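Visitor: The structure follows.
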Amino acid sequence: MNEDYEIYRMNQRLYGHALAQEDVKNWIYSNIFIIKIGTVKDFKQQAQEAIVTIPEFEDLEIHTKNISNISLELSKGDSVLLLQSSVNIFDTNNDIHFDKHHFYILSAINPKTLNLISDTVKIKANNKIEIANEITSLKSILESIVGAIKNLKIGLDPSTKAPIIDQTTLIPTTAKINSDINSLFK
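Here our numbering is used: the first residue of the sequence shown is 16, the next is one more, and so on.
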């Protein structure tokens, strides 16, 4: 972080020296953080490794790994964001940084499936959250459950005088709730 700040301050001191500033910007661009877009050719989900082609480099094929904290399920043809780096983060013995380029998957573009693998998952939002698909939502399922409870009719069994639930409205309502749950969750 301190090194980044020093580079920033050096660039500010060069204000008015356009050529020197351009050299600094080009150095930062070529050595620190470059993003490319690639297309998945093959993906091994268990290892999170892929063969990706980069159209910008005449469909260059590269072997890469997912370095995000989200496990991806990628298919052939999916687009991914790649971090280009001169550092091989998976081989600490590889200290040749000046003539090699390594690419790492940062994320999928329009992912179809995301798997978050963690011991604990917390969702904290400043605004309302929604868990839904194109068929139903968690909110509508919970509202249906509350509605079913409100509309529950309890009667007395004429012979035993024990309370019984009226099944005529309960069965279709619970069948609909069960169907919605199955369409939202695996």
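Every residue gets a Cβ at the ideal spot worked out from N, C-alpha and C, and that includes glycine.
As the structure is a prediction and not an experimental result, all values here were calculated from the model.
1. Can residue 51 and residue 105 be called in contact, C-beta distance under 8 Å?
2. Should residue 177 go down as buried or exposed, given a rule of 16 or more other Cβ atoms within 10 Å for buried?
3. Can you name, in chain order, every residue of its own chain whose Cβ lies under 7 Å from the Cβ of residue 72, other than the five neighbours on each side?
4. Please decide whether residue 65 counts as near chain D, where near means a Cβ-Cβ distance under 8 Å.
5. Do residue 145 and residue 152 have their beta-carbon atoms positioned less than 8 Å apart in this structure?
6. Select from 147, 83, 77, 148 the residue whose C-alpha is nearest the C-alpha of residue 63.
7. On the CB-based measure, 16 or more other CB atoms within 10 Å of its CB, does residue 120 come out buried or exposed?
8. Taking 8 Å as the limit between beta carbons, can you name the residues of its chain near residue 94, skipping five residues before and five after?
9. I'd like the list of long-range same chain contacts for residue 92, defined as Cβ closer than 8 Å, with 5 residues on each side in sequence excluded.
10. Should residue 200 go down as buried or exposed, given a rule of 16 or more other Cβ atoms within 10 Å for buried?
11. So, using beta-carbon positions, are residue 79 and residue 97 closer together than 8 Å?
12. Taking 8 Å as the cut-off, decide whether the C-beta atoms of residue 129 and residue 75 are in contact.
13. So, residue 57 versus residue 69, is the Cβ gap smaller than 8 Å?
14. For residue 16, count the other beta carbons within 10 Å of its own beta carbon; 16 or more makes it buried, fewer makes it exposed. Which is it?
Guide: This is what the structure holds:
1. Locating residue 51 in the sequence shown gives position 36, counting from the first residue. Locating residue 105 in the sequence shown gives position 90, counting from the first residue. No, the pair does not count as a contact, with Cβ atoms beyond the cut-off.
2. Here residue 177 refers to the residue found at position 162 of the sequence shown. Classification for residue 177: exposed.
3. In the sequence shown, the residue the question calls residue 72 occupies position 57. Within the same chain, residue 72 has no close Cβ partners at all.
4. The structure shown has no chain D; it contains just one protein chain.
5. Position 137 of the sequence shown, counting from 1, holds the residue named residue 152. Position 130 of the sequence shown, counting from 1, holds the residue named residue 145. Result yes, Cβ atoms of residue 152 and residue 145 sit closer than 8 Å.
6. The sequence position of residue 63 within the sequence shown is 48, counting from 1. That would be 83, whose Cα lies nearest to the Cα of residue 63.
7. For this step, residue 120 is matched to residue 105 along the sequence shown. So residue 120 counts as buried.
8. As a first step, residue 94 must be located in the sequence shown, where it is residue number 79. Counting only Cβ-Cβ distances below 8 Å, and skipping sequence neighbours, we find 52, 53, 54, 55, 123, 124, 125.
9. Here residue 92 corresponds to residue number 77 of the sequence shown, with the count starting at 1. So the list reads 54, 55, once near-sequence residues are dropped.
10. Residue 200 sits at position 185 when you count from the first residue of the sequence shown. By the 10 Å Cβ count, residue 200 comes out exposed.
11. Residue 79 sits at position 64 when you count from the first residue of the sequence shown. Residue 97 sits at position 82 when you count from the first residue of the sequence shown. Yes. Within cutoff.
12. By one-based count along the sequence shown, residue 129 stands at place 114. By one-based count along the sequence shown, residue 75 stands at place 60. Cβ distance not < 8 Å, so residue 129 and residue 75 don't count as in contact.
13. Taking the first residue of the sequence shown as position 1, residue 57 is located at position 42. Taking the first residue of the sequence shown as position 1, residue 69 is located at position 54. No, these two residues do not count as a Cβ contact at 8 Å.
14. As a working note, residue 16 is residue 1 in the sequence shown. Confidence at residue 16 is low in this model, with a pLDDT of 48, below 50, so its placement is unreliable and the value that follows should be read with caution. With fewer than 16 other Cβ atoms within 10 Å, it is exposed.
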